[in-house]
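Undergrad:
Protein chains: 2
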Amino acid sequence: MKKIQQFLILLLFAASLSAQQAPLFDATLAQARAEVDAEIAAGIAVPVPKDMAGGYTHERHKQNFFILQKAGALYQLTKEEKYADYVRDMFMAYAELFPTLGLHPTNQSYATGKIFWQCLNDANWLVYSSQAYEAVYDRLKTEERNKLETDLFRPFARWLSIENPQFFNRIHNHSTWGNAAVGMIALVMKDEELLQWALYGLPNDNIAADSVDNDGGYIKIGGKRQAGFLAQLDHAFSPDGYFTEGPYYLRYAIYPYLLFAQSLQKHRPDLGIFAYRDSVLQKAVFGLLQQSDPRGVFFPINDAQKGMSWMARELILAVDMMYVDGGYDPRLLSIAEMQGTVTLDEAGKRVATDIALKKAVPFQHRSIEFRDGADGKSGGIGILRAKATEEEHCLLMKYAAHGMGHGHFDRLSFSYYDESGEILQDYASARWVNIDQKGGGRYLPENHSWAKQSIAHNTLVLDQTSQFKGKVKAAEAQQAERYYFQGKGDAVQIVSAKEAHAYPGVLLHRTLVMLKDESFANPLIIDLFRVETEEAHQYDLPFWFQGHLLSSNFSYHTATTQLNTLGTDHGYQHIWKEAEAKAEGNQAQISWFGQGKFFSLSTYTQSDDSLIFARLGANDPQFNLRHDPVFILRRNTTGSSLFVSILETHGDYNPVEEIPRQPFGSIQEIKPIYHDKAYSIIQFSTFAGESWTLMFSNSDKNENSSHEVRVGKVQFRWKGIYQLSKTKTID
Amino acid sequence: MKKIQQFLILLLFAASLSAQQAPLFDATLAQARAEVDAEIAAGIAVPVPKDMAGGYTHERHKQNFFILQKAGALYQLTKEEKYADYVRDMFMAYAELFPTLGLHPTNQSYATGKIFWQCLNDANWLVYSSQAYEAVYDRLKTEERNKLETDLFRPFARWLSIENPQFFNRIHNHSTWGNAAVGMIALVMKDEELLQWALYGLPNDNIAADSVDNDGGYIKIGGKRQAGFLAQLDHAFSPDGYFTEGPYYLRYAIYPYLLFAQSLQKHRPDLGIFAYRDSVLQKAVFGLLQQSDPRGVFFPINDAQKGMSWMARELILAVDMMYVDGGYDPRLLSIAEMQGTVTLDEAGKRVATDIALKKAVPFQHRSIEFRDGADGKSGGIGILRAKATEEEHCLLMKYAAHGMGHGHFDRLSFSYYDESGEILQDYASARWVNIDQKGGGRYLPENHSWAKQSIAHNTLVLDQTSQFKGKVKAAEAQQAERYYFQGKGDAVQIVSAKEAHAYPGVLLHRTLVMLKDESFANPLIIDLFRVETEEAHQYDLPFWFQGHLLSSNFSYHTATTQLNTLGTDHGYQHIWKEAEAKAEGNQAQISWFGQGKFFSLSTYTQSDDSLIFARLGANDPQFNLRHDPVFILRRNTTGSSLFVSILETHGDYNPVEEIPRQPFGSIQEIKPIYHDKAYSIIQFSTFAGESWTLMFSNSDKNENSSHEVRVGKVQFRWKGIYQLSKTKTID
């Protein structure tokens with residue numbers, strides 16, 4: 145009896161499967177219905193603007209534009225009049241309010257808004273509202289449209305453009321929102337003047353050359369006179385689709401790009417917006433997906449908040465729209481599946497349908513380099529990835545342009561990740577976005593004094609001073625040099641870049657190698673940080689390891705009853721010095737435990753090098769900072785120097801089984817053999833008796849060049865940029 | 145075509161479902177086969193003992209007994225001779241080795257072993273090996289049995305008993321392993337003398353009354369002369385099945401209890417071991433399952449390592465065995481499902497079969513109190529639980545006996561949990577079990593200097609001195625008093641206990657209320673900590689909150705460039721003092737963010753109270769401690785005092801949406817109205833205009849007593865132990 149029942153249930157299931165075409169879309173629709181119906185029942189609230197972000201009027205108006213957009217979409221999909229009526233009534237309330245508004249009473253922004261404290265949020269409102277207006281346009285009476293356009297939409301669009309050129313006429317993500325808002329409402333209203341402004345900028349803006357915004361970024365970029373949406377597309381992205389502020393801000397910025405592009409595609413297909421600049425929008429979306437760790441969490445470079453990921457609402461739009469407008473790439477479906485929701489439109493319906501038809505193909509992270517700068521000549525970022533037995537490891541090296549107002553002084557820094565998250569971290573920003581208790585959710589003072597400084601990153605710091613002395617203008621004026629990138633997924637992958645301007649008279653050259661070899665359970669990271677100079681400097685090479693220190697092969701002196709700071713400026717004032725050691729011999733090794741795994745870092749030391757354990761948290765009067773640990777190799781020397789380090793991931797442990805697996809690292813010795821302007825040669829050996837030699841050409845990138853270096857009685861020869869060889873000593 | 149294919153696949157699936165009876169068991173069997181086959185292929189290794197835990201010989205012999213047990217089980221289940229042969233050959237190798245062994249060369253234990261560094265591990269070996277020997281017994285030739293029993297098993301059993309009475313003849317988890325090992329091999333060998341020792345102890349042990357073990361625990365417990373397995377059952381558990389060392393150690397200790405009981409049930413059913421002492425073993429197992437947070441992670445009280453849970457291998461045995469031997473309780477099946485594996489025997493097969501038959505019923509955590517002490521008179525622990533809209537909240541208050549060598553000085557402390565883990569933490573032990581890099585995996589010096597001290601726990605500390613001055617003997621001699629427990633799952637649940645001996649001349653009385661009410665999104669914790677004394681003392685009430693401090697309603701002075709310790713002894717030397725404030729008004733409130741959620745703590749302050757933010761990590765020369773934050777209310781006063789605090793969980797935030805939900809707490813004011821030996825009365829109000837009054841009888845537990853207290857012009861009247869009433873002010 146029971147078996148017959150089970151059989152019938154399975155028959156039913158089989159039948160329902162063929163009927164149910166797009167369950168993900170149905171779920172999204174049902175959720176939107178529930179949400180909008182509840183708002184309709186609660187009634188319309190359009191309060192007089194008063195509060196900062198987090199306060200009532202701010203959050204209410206924000207909620208209003210989200211609901212307007214959804215109600216419009218619901219009307220389009222269901223043709224139920226209550227949704228169109230709701231949109232109309234809400235707009236009418238805004239049409240009464242808007243003409244009465246002066247500047248928002250907070251008046252704290254370089255471009256204060258009317259409904260919100262800044263024009264940026266006002267532009268958000270108009271972008272969403274334009275979609276809602278378009279959705280119900282055909283249902284409105286002519287006099288209703290006239291009222292709305294005369295009292296609300298046109299003055300709103302002029303407010304965001306001609307009346308706030310410092311906001312609108314600029315190459316910046318704020319302006320993109322402005323351009324999109326004005327352009328999208330222009331397309332619905334068929335207002336050609338506004339559309340021209342949105343696409344090509346204002347004819348004349350009268351902005352002073354040295355104006356700055358609230359984040360300290362310059363309004364005008366030297367030599368750039370263009371503005372408007374197409375100029376944003378020209379200037380905001382590199383030819384590879386990289387966004388100079390990094391993925392956290394691209395995730396935010398991509399939204400108006402995509403929405404405006406969608407409107408343009410519909411109303412002005414002649415512009416061919418998706419093909420514009422060699423399909424730069426598509427490149428940007430795929431690039432954004434790649435600029436993430438194995439979990440799909442974006443690399444938190446520059447002023448990012450950690451944890452933003454593929455799950456963000458902007459990415460739901462990006463994935464669904466690019467699926468339909470970008471040629472039905474089935475890898476996007478696997479990300480849509482992970483997101484668990486789709487957009488409330490035809491694109492979302494198509495994505496949901498194709499997922500139900502099992503068309504999804506896994507999205508693969510890969511090693512990839514992105515050039516920065518509109519012309520691709522402002523450095524870049526390099527991402528190396530390798531799969532271990534079970535885990536994906538991933539390294540990001542940064543040698544991009546400064547990233548404008550949101551940039552950090554962290555050229556040649558790197559961060560390292562696996563499936564659990566961070567192994568070597570980038571601190572990201574000192575900001576709790578939208579959390580009122582932490583400075584109203586805005587950037588905290590420690591963002592400048594700590595998060596942007598060089599010592600907050602895994603890069604070499606000279607003389608306890610940040611790169612470019614921490615000056616944005618100096619950093620923006622100079623670019624790092626992409627030297628070499630080899631990310632074909634082979635056993636040996638390399639990223640190498642140079643920075644000649646961060647410190648006067650000093651060339652910094654870092655080469656990171658990701659080695660996958662049967663001798664190691666997981667990929668090995670080899671770090672060559674070379675300094676070319678004739679002067680004397682103090683060098684600090686920090687490793688912001690994520691985890692709990694387990695052991696070291698050197699003895700150290702710990703501060704047990706009193707802690708002092710590591711310095712007084714450039715971020716050093718925020719670091720408590722916990723322990724210090726003088727280097728013993730030439731090998732310093734530490735191991736730590738984090739996220740259930742063991743890690744070891746080995747680094748070559750010279751006599752007089754010192755080793756420092758420290759922790760973030762000093763000079764933090766409001767407890768704004770995390771108390772994270774760092775290990776620093778410190779060297780005082782004159783002339784050129786080479787820092788060689790190897791990072792291993794090995795073994796694991798969990799508190800249920802309590803059995804450590806491979807708790808010890810395998811590196812026995814690291815030896816720098818040779819280094820100068822032309823070549824770096826190093827060797828390292830393992831406890832298993834294997835010996836490795838890495839030869840690298842520092843200046844000649846020709847793959848066909850032959851190189852020869854004699855060190856004592858040994859002749860090193862290789863062809864091309866590098867060679868990595870392994871020898872096994874037989875006992 | 146595609147639909148027909150899908151239909152056929154479903155038909156196939158339906159057919160296979162009826163054939164596959166116990167997939168979980170099949171998977172366990174297949175895994176054991178793969179593991180043992182690999183070991184058989186690798187060959188037998190029985191090295192001469194040399195290493196500590198973590199070293200090669202230790203880990204090899206440990207692996208050997210695990211594989212012996214599995215090979216024996218595989219032989220029983222499959223009757224494949226290769227498994228029996230492997231067990232025989234391995235035992236023969238041990239029979240050659242064992243007679244050549246003296247004391248293990250490490251000689252660092254109060255009971256040094258032969259194969260391992262301590263007898264405890266030797267006993268582990270014999271428990272597992274007894275099962276393997278029994279499994280292959282019938283297949284061995286008589287001369288093989290004679291050889292094994294003469295050269296290996298009998299001398300091994302005598303080594304663990306008559307030759308090490310300080311290990312064997314004691315009420316302690318070590319001895320349980322000894323008793324089980326000797327008893328289990330005795331049952332297979334039919335050696336009545338050894339069985340009698342195992343069940344009833346050695347006739348005479350000659351152990352000095354003041355001998356201590358490596359953890360500082362006393363070998364002899366005052367007045368107790370009994371030993372052996374039945375005495376362990378009498379003394380190790382309270383009548384409720386509570387184990388005085390706590391769940392982490394019970395998890396470990398339960399294993400030999402269950403295995404020996406299983407053998408006794410088979411060979412000596414006349415003893416009725418599972419019914420012994422009102423089914424105390426069953427109570428212990430169900431109690432252990434309850435002594436966990438909402439995720440099934442054991443409360444880390446006393447010397448526990450955090451993270452041990454229902455997933456532990458000992459619990460897999462406990463759940464499967466208790467399912468079969470304890471009457472097929474279907475709630476156990478849901479835990480077995482979560483464990484994802486079963487035991488390799490008939491019990492495991494039955495569990496897997498019944499899971500496949502969908503008999504599992506969810507296991508429900510509930511509010512429950514456990515008495516401690518063999519007679520149930522040594523205090524206990526109280527667990528309160530309530531379900532919020534989405535989450536289960538759970539509070540553990542500890543007023544148990546000292547917990548012998550593994551006890552902490554933490555009477556009246558509490559810890560608090562939700563589905564994500566810890567909200568207020570218990571530090572647990574300073575130990576990295578089996579991690580060689582941290583003191584060989586043994587207890588670290590900071591376990592004594594920090595983890596056991598009172599300030600490491602959420603309990604009141606007087607005069608910067610631990611309870612009982614940190615003396616084990618004094619703590620063991622005195623018991624806390626269970627005062628009141630009401631855990632029926634109602635809106636108001638209460639645990640209340642008194643401690644009269646921790647500090648001379650001072651009565652400590654803590655009452656914790658878990659309130660579930662529609663006014664609050666989640667359960668509210670009300671904490672009344674009352675001190676009865678005539679003397680002057682300094683009081684520190686610490687809250688070890690897990691998360692990042694967001695805000696406070698008072699200004700504080702932060703140490704920005706230099707940190708010093710909070711004290712010099714009793715654990716205070718391990719705490720860095722980060723900030724201090726003088727109480728402003730009578731309300732101190734802080735909020736923090738942890739695990740994606742917001743928390744607020746409100747506490748009533750008197751003038752001259754001070755408020756301290758501090759962090760663990762001082763005097764930690766080897767980086768053994770975690771750097772966790774604490775908030776301390778400090779009061780200097782003469783005579784009795786009442787500390788009133790309220791802890792709220794409210795709202796959440798995630799970095800993908802970046803929208804805080806309910807980031808602020810709702811408590812506006814707390815007022816202690818009255819307190820003396822007989823009564824405590826407090827009031828508190830919310831920003832929503834609600835006012836609450838809690839009246840509590842401190843001495844009279846009669847549910848029928850009427851109480852009356854006049855304070856000024858207000859008369860408070862109630863019946864029974866407590867009353868909690870709510871009034872709403874209408875604007």
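Taken in sequence, the protein lines are chains A and B. In terms of the numbering used here, the first sequence has 630 at position 486, counting the first letter as 1, and numbering is strictly consecutive. In terms of the numbering used here, the second sequence has 732 at position 588, counting the first letter as 1, and numbering is strictly consecutive. Backbone N, C-alpha and C define an ideal beta-carbon position, used for all residues, glycine too.
Please return the same chain residues whose Cβ sits closer than 6 Å to the Cβ of E620(A), not counting the five positions on each side in sequence.
TA: Here residue 620(A) is taken as the residue at index 476 of the first sequence, counted from 1. The answer, listed in chain order, is H546.
Undergrad: If you draw a straight line from the alpha carbon of G372(B) to that of I803(A), how long is it in whole angstroms?
TA: Within the second sequence, residue 372(B) is the residue found at index 228, counting from 1. Within the first sequence, residue 803(A) is the residue found at index 659, counting from 1. Computed Cα separation, rounded: 30 Å.
Undergrad: Based on DSSP bridge pairs, tell me the residues matched to C538(A).
TA: Reading the first sequence from its first residue, position 394 is the one you call residue 538(A). In the DSSP output, where bridge partners are listed per residue, C538(A) has R529(A) and Y561(A).
Undergrad: Which chain B residues are close to K880(A), counting only those with a beta carbon under 9 Å from its beta carbon?
TA: Past the edges of chain A, shown from 145 to 875, lies residue 880(A), and the structure says nothing about it.
Undergrad: What are the start and end residues of the beta strand (DSSP E) that includes A141(B)?
TA: A query on residue 141(B) cannot be resolved here, the shown segment of chain B reaching from 145 to 875 and no further.
Undergrad: Identify every run of the alpha helix (DSSP H) within the segment 446-480 of chain B, keeping only runs that are complete inside it and at least 4 residues long; order them along the chain.
TA: List check, alpha helix (DSSP H) in window: 457-469.
Undergrad: Which residue wins for smallest C-alpha separation from A504(B), given the options Y392(B), F260(B) and L476(B)?
TA: The residue given as residue 504(B) occupies position 360 in the second sequence. The option with the nearest alpha carbon to A504(B) is L476(B).
Undergrad: Output, in chain order, the set of chain B residues within a Cβ distance shorter than 8 Å of A579(A).
TA: Locating residue 579(A) in the first sequence gives position 435, counting from the first residue. Position check: residue 579(A) holds Ile in this sequence, whereas Ala was assumed. Those are L694, F737, Y797, P804 and P807, listed as they occur along chain B.
Undergrad: How many angstroms separate the CA atom of D562(B) from the CA atom of P438(B)?
TA: Along the second sequence, read from residue 1 onward, the residue named residue 562(B) stands at position 418. Along the second sequence, read from residue 1 onward, the residue named residue 438(B) stands at position 294. D562(B) and P438(B): Cα-Cα distance of roughly 6 Å.
Undergrad: Contact criterion: CB-CB distance below 9 Å. Does W321(B) meet it with respect to chain A?
TA: As a working mapping, residue 321(B) is identified with position 177 in the second sequence. Not closer than 9 Å to any Cβ of chain A, the Cβ of W321(B) fails to qualify, so no.
Undergrad: Using 8 Å as the threshold, is the segment 709-728 of chain B in touch with the segment 760-779 of chain B, meaning 3 or more CB pairs across them?
TA: Segments in contact, yes.
Undergrad: Is there a C-beta anywhere in chain B that falls below 9 Å from the one on G451(A)?
TA: Translated into positions along the first sequence, residue 451(A) becomes position 307. Yes, G451(A) counts as interfacial toward chain B.
Undergrad: Could you work out which residues of chain B lie near F443(A), taking near to mean beta carbons separated by less than 9 Å?
TA: On the first sequence, residue 443(A) is found 299 positions in, with the first residue counted as 1. Simply none; closest approach about 14 Å.
Undergrad: In the DSSP assignment, find the beta strand (DSSP E) that holds K872(B) and state where it starts and stops.
TA: By one-based count along the second sequence, residue 872(B) stands at place 728. From DSSP, the beta strand (DSSP E) with K872(B) extends over Y866 to K872.
Undergrad: Identify every residue that forms a DSSP beta bridge with H819(A).
TA: The count along the first sequence starts at 1 and reaches residue 819(A) at position 675. BP columns for H819(A) point to S824(A).
Undergrad: When DSSP builds the beta bridges, which residues end up paired with D684(B)?
TA: For the purposes of this step, residue 684(B) is identified with residue 540 of the second sequence, where counting begins at 1. DSSP lists V605(B) and R778(B) as partners of D684(B).
Undergrad: Going by DSSP in three states, E278(B) sits in which element: helix, strand or coil?
TA: Here the question's residue 278(B) lines up with position 134 in the second sequence. E278(B) falls in the helix class under three-state DSSP.
Undergrad: For the segment 413-424 of chain B against the segment 570-583 of chain B, do three or more pairs of beta-carbon atoms, one drawn from each stretch, fall closer than 8 Å, so that the two count as touching?
TA: Result no; under three Cβ-Cβ pairs closer than 8 Å.
Undergrad: Are the beta-carbon atoms belonging to I527(A) and A544(A) less than 9 Å from one another?
TA: Counted from its first residue, the first sequence places residue 527(A) at position 383. Counted from its first residue, the first sequence places residue 544(A) at position 400. No.
Undergrad: Taking Cβ to Cβ, would you say S744(A) is nearer than 9 Å to I811(A)?
TA: As a working note, residue 744(A) is residue 600 in the first sequence. As a working note, residue 811(A) is residue 667 in the first sequence. A contact, by the Cβ cut-off of 9 Å.
Undergrad: For the segment 472-495 of chain A, which residues have a beta carbon sitting closer than 9 Å to at least one beta carbon of chain B?
TA: Answer in chain order: no residues at all.
Undergrad: Can you list, in chain order, the residues of its chain whose CB lies under 7 Å from that of H771(A), leaving out five sequence neighbours each side?
TA: The residue you call residue 771(A) lines up with position 627 of the first sequence. Around H771(A): R759, L760 and G761.
Undergrad: Give the DSSP-derived three-state secondary structure of E336(B) in the structure shown.
TA: Start at 1 with the first residue of the second sequence, and residue 336(B) comes out as number 192. Reduced to three states, the DSSP call for E336(B) is helix.
Undergrad: Between which two residues does the alpha helix (DSSP H) harbouring N708(B) extend?
TA: Along the second sequence, one-based indexing puts residue 708(B) at 564. Looking at the DSSP string, N708(B) is not in any alpha helix (DSSP H); the run it does join, the beta strand (DSSP E), is Q706 to T709.
Undergrad: Does the structure place the segment 727-737 of chain A close enough to the segment 678-686 of chain A that three or more beta carbon pairs sit under 8 Å?
TA: Cβ pair count under 8 Å is below three, so no.
Undergrad: From what residue to what residue does the alpha helix (DSSP H) around S407(B) run?
TA: Stepping through the second sequence from its first residue, residue 407(B) is reached at position 263. Its alpha helix (DSSP H) spans residues P391 to H411.
Undergrad: Along chain B, which residues have their Cβ under 8 Å away from the Cβ of P391(A)?
TA: Within the first sequence, the letter at position 247 stands for residue 391(A). Here the premise fails: no neighbours, minimum Cβ distance about 13 Å.
Undergrad: With a threshold of 9 Å between beta-carbons, can W576(B) be considered close to chain A, or not?
TA: Counted from its first residue, the second sequence places residue 576(B) at position 432. W576(B) counts as touching chain A.
Undergrad: In chain order, what residues of the same chain have a beta carbon less than 6 Å from the beta carbon of T241(A), not counting five sequence neighbours either side?
TA: Residue 241(A) sits at position 97 when you count from the first residue of the first sequence. The question names Thr, but residue 241(A) in the sequence shown is Leu. Excluding residues within five positions, the ones whose Cβ falls inside 6 Å are V190.
Undergrad: Does DSSP put R289(A) in a helix, a strand or coil?
TA: As a first step, residue 289(A) must be located in the first sequence, where it is residue number 145. Three-state DSSP puts R289(A) in a helix.
Undergrad: Keeping to the same chain, check which residues put their C-beta closer than 7 Å to that of V280(B); ignore five residues upstream and five downstream.
TA: Residue numbering aside, residue 280(B) sits at position 136 when the second sequence is read from its first letter. The residues are G216, Y219, A228, V231 and R232.
Undergrad: Where K872(A) and Y748(A) are concerned, what is the direct C-alpha to C-alpha distance, given to the nearest angstrom?
TA: By one-based count along the first sequence, residue 872(A) stands at place 728. By one-based count along the first sequence, residue 748(A) stands at place 604. Computed Cα separation, rounded: 22 Å.
Undergrad: Which residues does DSSP pair with Y628(A) in a beta bridge?
TA: In the first sequence, counting from the first residue as 1, residue 628(A) sits at position 484. Bridge partners of Y628(A): S640(A).
Undergrad: Going straight from the alpha carbon of G585(B) to that of L403(A), what length do you get?
TA: Indexing the second sequence from 1 puts residue 585(B) at position 441. Indexing the first sequence from 1 puts residue 403(A) at position 259. Computed Cα separation, rounded: 58 Å.
Undergrad: Which residues does DSSP pair with M196(B) in a beta bridge?
TA: Here residue 196(B) is taken as the residue at index 52 of the second sequence, counted from 1. DSSP lists no partner for M196(B).
Undergrad: DSSP state of P191(A), grouped into three classes?
TA: Here residue 191(A) corresponds to residue number 47 of the first sequence, with the count starting at 1. Coil.
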